[in-house]
Amino acid sequence: MAALEVIDKFTGEIIRTLPIAEAADVDAAVGRAQRAFPAWAATPAHRRSAILLGAAERIRARTEEFATLIAREAGKAWKYAAGEVVRSVETFTFAGEEAKRIHGETVPMDASAFGEGRVGFYLRAPLGVVSAITPFNFPLNLVAHKVGPALAAGNTLVLKPAEETPLTAILMAECFRDAGLPDGVMELVHGPGEVTGDALVRHPGPAKVSFTGSPPVGAHILKVAGLKRVTLELGNNSGTIVEPDASLDQAVPRTVMSAFANSGQVCISLQRLYVHEAIADAFLERFVAVTRALKIGNPLDRDCDVGPMISDEAADRAETWIREALDEGARALTDFRREGRMLWPVVLTNTRPDMKVMCREAFAPLVSVVRYRSFEDGLAMLADSPYGLQAGIYTNDLKKAFRAVAALDVGGVMVNDTSIFRVDHMPYGGNRMSGIGREGVRFAIEEMTNLKLVCLNLGD
Ligand code: NAP
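The opening position of the sequence shown corresponds to residue 334 in this note's numbering, with each subsequent residue numbered one higher.
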């Protein structure tokens, strides 16, 4: 059986080796989840809730261990890794709370003449087995966004975490076992997407695929999944506008963090930053100064801001795109530096909308700063994207804020913040190339349940 080597992204050391799940292993995992489904679906809501809350508490108690593991296998700076653990505890807590309020409503059947004498109501029933496939960049919280709602709703699931970062999911599963989750309710399979992920997506057993990852893989999954529900949480080339009335004290540190946290490997990382020309010089001077002051290096250092990228290939791609942009006339306002998986934050100006660093999802520590003349021009540039996940606008003018809300075809608009803002109970997801469906615990539960109508004929 082939093996998966999970490495420390900063040192290159092998942390652990896992067996790769082939099609037969995936089939066995789906079978165990199918057999566990009837009992879990019949488990009372308060019991499902208690297990979710118990797991959340166990994760919280092991924050240090989780954060260290995330920092090592994902290369995420420790402070952001610890922040991810806090958020995951919240996500599982929300799931534990939502487990107790999954319900339908009554239907006024007699609104139709054909419905006279009847009483109707609907319930929300679990789907069955959910296949969950997750990316490397939030190895705990994006797993939580699938595990929490699936278990809250009474589904069982088979989870395939990213091959770069499976160890955090294994530790999370341990917390669920300790909290009393019965065998088979959550199965983990490990391996490359094209092998293990593909077998899971094509398997006819699960009722749903819940996928978070890149648009090309999402589009492929939609083609091969067959007759099942599919939720796709995909990428973005996220943008934010800064208007002249914005507070630079607020906007500058926040936009720098939004561009470079987790080496820009966040689906709502700030990649296109549009700044009104009236404040562009002052903004850029401060933006570059704050960027230069970031601490780059070992993610285990408590004050590290930017660690390594996930792989050499990811750093190679980012470097190629940056060099291509520079060759075509872009300017870098920070020193361009690359060592293995480490890529130092890059601030670009003079970029064009058709350059890859602008029109494709970079998923790297780079940002383009673009000047605009009028609010309408800036808004048009921000809206010019095939993606539609989230966008930001800094202004204290409510009319402008609402013009942006109306104009942008995205899942979320953040006013006086950047595209990166998210809390885990809000509806979250993208339009167009950014995906199909929404997460955010309650909203994911809606997508992981079937409505079942009951109609009572009380007439003669
Ligand atoms: P990815 O390459 O698409 O991989 C995501 C997951 O899909 C991984 O588990 C991967 O397995 C698996 N996979 C790959 N090919 C597959 C196939 N043919 N069939 C089934 N599964 C397959 O994405 P990534 O590089 O890990 O993550 C970055 C992307 O995720 C970016 O586009 C980012 O914007 C997006 N993202 C979106 C959100 C959101 O909520 N909208 C959040 C975070 C990230 P392997 O790891 O083994 O390749």
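Yeah, the Cβ is synthetic: ideal placement off N, Cα and C, and Gly gets one too.
Between the beta-carbon of residue i and the beta-carbon of residue j, is there less than 9 Å?
{"i": "Gly-725", "j": "Ser-596", "result": "no"}
{"i": "Leu-490", "j": "Glu-566", "result": "no"}
{"i": "Gly-768", "j": "Gly-530", "result": "no"}
{"i": "Val-746", "j": "Gln-723", "result": "yes"}
{"i": "Gly-481", "j": "Phe-427", "result": "yes"}
{"i": "Ile-435", "j": "Ala-485", "result": "yes"}
{"i": "Phe-708", "j": "Glu-610", "result": "no"}
{"i": "Ile-643", "j": "Val-528", "result": "no"}
{"i": "Met-781", "j": "Lys-541", "result": "yes"}
{"i": "Thr-682", "j": "Arg-664", "result": "yes"}
{"i": "Val-680", "j": "Leu-627", "result": "no"}
{"i": "Leu-504", "j": "Arg-635", "result": "no"}
{"i": "Asp-638", "j": "Phe-669", "result": "no"}
{"i": "Ile-629", "j": "Pro-678", "result": "yes"}
{"i": "Ser-543", "j": "Ala-458", "result": "no"}
{"i": "Asn-749", "j": "Asn-764", "result": "no"}
{"i": "Arg-605", "j": "Met-442", "result": "no"}
{"i": "Glu-694", "j": "Asn-569", "result": "yes"}
{"i": "Arg-562", "j": "Leu-456", "result": "no"}
{"i": "Ala-375", "j": "Gly-429", "result": "no"}
{"i": "Val-589", "j": "Val-534", "result": "no"}
Residue i and residue j look like a contact to me (Cβ under 8 Å); what is the Cβ gap, rounded to whole Å?
{"i": "Val-452", "j": "Leu-789", "result": "5 Å"}
{"i": "Ala-477", "j": "Phe-509", "result": "About 11 Å; that fails the 8 Å criterion."}
{"i": "Arg-619", "j": "Thr-667", "result": "Not confirmed; about 13 Å, so no contact."}
{"i": "Ala-584", "j": "Tyr-727", "result": "5 Å"}
{"i": "Asp-358", "j": "Val-463", "result": "The Cβ separation is near 18 Å, so there is no contact."}
{"i": "Pro-525", "j": "Glu-496", "result": "5 Å"}
{"i": "Thr-837", "j": "Glu-406", "result": "Nothing can be reported for residue 837: it is not among the residues displayed for the chain, which extend from 334 to 793."}
{"i": "Trp-373", "j": "Gly-450", "result": "37 Å between Cβ atoms; not a contact."}
{"i": "Leu-712", "j": "Ile-574", "result": "7 Å"}
{"i": "Pro-515", "j": "Ala-502", "result": "Actually they are not in contact, since the Cβ atoms of Pro-515 and Ala-502 sit about 18 Å apart, beyond 8 Å."}
{"i": "Arg-365", "j": "Glu-520", "result": "6 Å"}
{"i": "Asp-645", "j": "Arg-674", "result": "6 Å"}
{"i": "His-536", "j": "Val-363", "result": "5 Å"}
{"i": "Leu-826", "j": "Leu-492", "result": "With the chain represented from 334 up to 793, any question about residue 826 goes unanswered, as that position is not in the structure."}
{"i": "Ala-356", "j": "Ala-465", "result": "So it is not a contact: roughly 18 Å between Cβ atoms."}
Using C-beta distances below 6 Å, list every residue in its chain close to residue i, excluding the 5 sequence neighbours before and after it, in chain order.
{"i": "Thr-545", "result": "Thr-467, Pro-468, Leu-475, Glu-566"}
{"i": "Met-766", "result": "Pro-548, Pro-719, Tyr-720"}
{"i": "Ala-716", "result": "Ala-740, Leu-741"}
{"i": "Ser-591", "result": "Leu-603, Thr-751, Ile-753"}
{"i": "Ala-369", "result": "Thr-489, Gly-517, Val-518"}
{"i": "Ala-361", "result": "none"}
{"i": "Ala-404", "result": "Trp-411, Ala-414, Pro-632, Leu-633"}
{"i": "Lys-733", "result": "Phe-708"}
{"i": "Thr-564", "result": "Ser-543, Gly-770, Glu-780"}
Within a Cβ cutoff of 7 Å, which residues of the same chain sit near residue i, ignoring the five residues on either side of it in sequence?
{"i": "Phe-343", "result": "Gly-408, Asn-631, Pro-632, Gly-640, Pro-641"}
{"i": "Ala-400", "result": "Trp-411, Ala-414, Ala-415, Val-418"}
{"i": "Ser-421", "result": "Ile-392, Leu-473, Asn-474, Ala-477"}
{"i": "Gly-762", "result": "Glu-566, Gly-744, Gly-768, Gly-770, Arg-771, Glu-772"}
{"i": "Ala-432", "result": "Ala-378, Arg-381, Ser-382, Leu-385, Ala-485"}
{"i": "Val-599", "result": "Asn-470, Ile-753"}
{"i": "Glu-338", "result": "Ile-347, Thr-350"}
{"i": "Ile-655", "result": "Phe-669, Val-679, Val-690, Leu-699"}
When DSSP builds the beta bridges, which residues end up paired with residue i?
{"i": "Arg-457", "result": "Leu-784"}
{"i": "Gly-572", "result": "Arg-605, Ala-724"}
{"i": "Phe-544", "result": "Ile-466, Leu-565"}
{"i": "Pro-764", "result": "Here residue 764 turns out to be Asn, not Pro, going by the sequence shown. Answer is Gly-721."}
{"i": "Met-519", "result": "Leu-490"}
{"i": "Leu-789", "result": "Val-452"}
{"i": "Met-747", "result": "Gly-725"}
{"i": "Leu-676", "result": "Arg-671"}
{"i": "Arg-664", "result": "Thr-682"}
{"i": "Ala-336", "result": "Pro-352"}
{"i": "Glu-772", "result": "Tyr-761"}
{"i": "Tyr-705", "result": "His-609"}
{"i": "Leu-699", "result": "Val-679"}
{"i": "Thr-439", "result": "Phe-454"}
{"i": "Ile-629", "result": "Val-639"}
Is the shortest distance between the beta-carbon of residue i and the beta-carbons of chain C less than 9 Å?
{"i": "Met-519", "result": "Any reference to chain C falls outside this structure, which holds one protein chain only."}
Who are the Cβ neighbours of residue i in its own chain at under 8 Å, not counting the five residues just before and after it?
{"i": "Glu-346", "result": "Ile-340"}
{"i": "Phe-454", "result": "Gly-437, Glu-438, Thr-439, Val-440, Leu-786, Val-787"}
{"i": "Ala-613", "result": "Val-702, Arg-704"}
{"i": "Ala-336", "result": "Thr-350, Leu-351, Pro-352, Ile-353"}
{"i": "Thr-684", "result": "Ala-658, Ala-663, Val-690, Met-691, Ser-701, Val-703"}
{"i": "Glu-661", "result": "Arg-685, Met-688"}
Cβ pair count under 8 Å reaching 3, the segment 557-564 against the segment 572-582: They do not touch, by the three-pair rule.
The segment 640-660 touching the segment 694-703, judged by at least three CB pairs closer than 8 Å: yes
Inter-stretch contact at 8 Å, needing at least 3 Cβ pairs: the segment 750-764 / the segment 773-783: yes
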